[in-house]
Amino acid sequence: MLIPGRFAGKVVVVTGGAKGFGEAIARRFAAEGAAVVLGDLDAAAGTALAASIQAGGGRARFQRCDVAAGPDVERLVGAAVEGYGGLDVMVNNAGYSHKSMPLWELPEADFDRQFAVNVRGVFLGCKHAVPALRARGGGVIVNTASIGARRPRRGVTVYNASKGAVLTLTRGLAGEVGRDKIRVCAVCPVAADTAFMLTVRGEPLDERSRSALVKGIPLGRLCAPGDVAGAVTFLASDDAAFLTGVCLDVDGGRSIE
1088 MLIPGRFAGK VVVVTGGAKG FGEAIARRFA AEGAAVVLGD LDAAAGTALA ASIQAGGGRA
1148 RFQRCDVAAG PDVERLVGAA VEGYGGLDVM VNNAGYSHKS MPLWELPEAD FDRQFAVNVR
1208 GVFLGCKHAV PALRARGGGV IVNTASIGAR RPRRGVTVYN ASKGAVLTLT RGLAGEVGRD
1268 KIRVCAVCPV AADTAFMLTV RGEPLDERSR SALVKGIPLG RLCAPGDVAG AVTFLASDDA
1328 AFLTGVCLDV DGGRSIE
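Its first residue numbered 1088, the sequence shown is counted upward by one per residue in my numbering.
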């Protein structure tokens, strides 16, 4: 449910913010009053999304960012501080997966890139966000993990492992920065019909594949980007003020099957 004004005066950074979950997260924060800085490798999509948010009366800007590159992430956080006066919420959403295949067939370069984006990227986002959040007197970090970290699927073992690292990093950092009034949480989405799924499968979802995925989800459908946006904005809001180290399953019940 959209809550206008919930993030009025707040500044939010969203990595992987141009498409998919990131786009939905950015749009939700902007619609609820936040100024949003989008970080993504896709400059065309990111610039277009920022323009779309602005056209709707919101505040947004785009900063090209490779989350695996420290200077890029530092500039991204700097864009929020310099452009909007500070940082209140950091959403480490950027992610990468190889095409589904057995672990023993996975090229080492794909392993390295996966951990560079999914783990190093979250580390760098947190590393550069914490000083800015401290300067603000506190804030929130929300990391996008995956239900695969809890219930691994075959064919994407390394992806599952990288997201397991995100959960551990989330809980560990929450303990480190709690006394700075910084909360650190994560969301664990189940499969969604987005461009990310196309990367994993190497082709669009057909009806047979969709049905097989849905069969393992008690609520009977795939995850939608809006589901993740709702979970992220809840965790970032004052309604979750006493929650930290929480890794919220956004999975329609897959984790209990």
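No residue lacks a Cβ here, since even glycine has one placed at the ideal position from N, Cα and C.
### Task
State the DSSP-derived secondary structure class of residue 1179, mapped to helix, strand or coil.
strand
### Message
Which of the three DSSP states is assigned to residue 1276 in this structure?
### Response
It is a strand residue.
### Query
Does the beta-carbon of residue 1201 have 16 or more other beta-carbons within 10 angstroms, so that it is buried, or is it exposed?
By the beta-carbon neighbour count (other beta carbons within 10 angstroms, threshold 16), residue 1201 is buried.
### Query
Buried or exposed: which applies to residue 1153, given that a residue is buried once 16 or more other Cβ atoms fall within 10 Å of its Cβ?
buried
### Message
Do residue 1179 and residue 1212 count as a contact pair if the criterion is CB distance below 7 Å?
### Response
yes
### Task
Measure from the alpha carbon of residue 1228 to the alpha carbon of each residue in 1236, 1234, 1219, then state which is nearest.
1219
### Message
Could you pull the DSSP bridge partners for residue 1310 from this structure?
### Response
As DSSP reads the structure, residue 1310 sits in a beta bridge with 1279.
### Task
Could you say which of 1320, 1274, 1330 lies nearest to residue 1176 if we only look at CA atoms?
1320
### Which residues DSSP lists as bridging residue 1335, in chain order
1274
#### Entry: 8 Å contact criterion, which residue 1204 and residue 1171 should meet: CB distance rounded
Between residue 1204 and residue 1171 a beta carbon distance of about 26 Å is seen, past the 8 Å cut, so the two are scored as non-contacting.
### Task
Tell me whether residue 1178 counts as near the ligand ATP, meaning its Cβ is closer than 6 Å to at least one heavy atom of that ligand.
This structure simply doesn't include the ligand ATP, nor any ligand for that matter.
### Query
Counting Cβ pairs closer than 8 Å, one from the segment 1263-1273 and one from the segment 1318-1333, do we hit at least three?
yes
### Query
How long is the line joining the alpha carbons of residue 1094 and residue 1260, rounded to whole angstroms?
24 Å
#### Entry: Given 8 Å, three or more beta-carbon pairs between the segment 1139-1155 and the segment 1188-1198
Taking a cut-off of 8 Å for Cβ pairs, the segment 1139-1155 and the segment 1188-1198 do not touch, as fewer than three such pairs fall below it.
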